[in-house]
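**Student:** After the structure tokens below, expect a handful of questions from me.
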Amino acid sequence: MSDFEQRRDEITAKLIEAAENDGFFTLVDHGISKSEIEAQFSISKTFFDLPAEIKSKTAHDPITNSGWEYKAQLRPSTGTYNQKESL
Numbered sequence: 004m005s006d007f008e009q010r011r012d013e014i015t016a017k018l019i020e021a022a023e024n025d026g027f028f029t030l031v032d033h034g035i036s037k038s039e040i041e042a043q044f045s046i047s048k049t050f051f052d053l054p055a056e057i058k059s060k061t062a063h064d065p066i067t068n069s070g071w072e073y074k075a076q077l078r079p080s081t082g083t084y085n086q087k088e089s090l
């Protein structure tokens, strides 16, 4: 991500290629410190450790694809619901 403004097109192309061909990518040189990343994981853990009735107050909105959901994504290949929760 270094020199993003000068390399926007190149970086965008690489991200799209990785997402479409490999299915994932790792960002480097993004400027976010390890302690900032760890703090976000801590906040996430705090939220997911809450009881379901509290988390459900942040209901999933399919239009914006935001909010909490639990076992809500139906897998077409198996007809079963994914066992994960997400925010």
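Read in this note's numbering, the sequence shown has 75 at position 72, and its numbers run on one by one without any break. Just so it is clear, CB atoms sit at the ideal spot from N, CA and C, and this is done for glycine as well.
(1) Based on the DSSP output, what are the partners of ALA62 in its beta bridges?
(2) State the DSSP-derived secondary structure class of SER38, mapped to helix, strand or coil.
(3) Going by C-alpha distance, which of ASP25, GLY34, ALA21 is nearest SER5?
(4) For THR61 and TYR73, I'd like the C-alpha separation in whole angstroms.
**Tutor:** According to the data block:
(1) Answer by DSSP bridge pairing, in chain order: TRP71.
(2) SER38: helix per DSSP, three-state reduction.
(3) For the residues ASP25, GLY34, ALA21, the minimum Cα distance to SER5 belongs to GLY34.
(4) C-alpha separation (whole angstroms): 12 Å.
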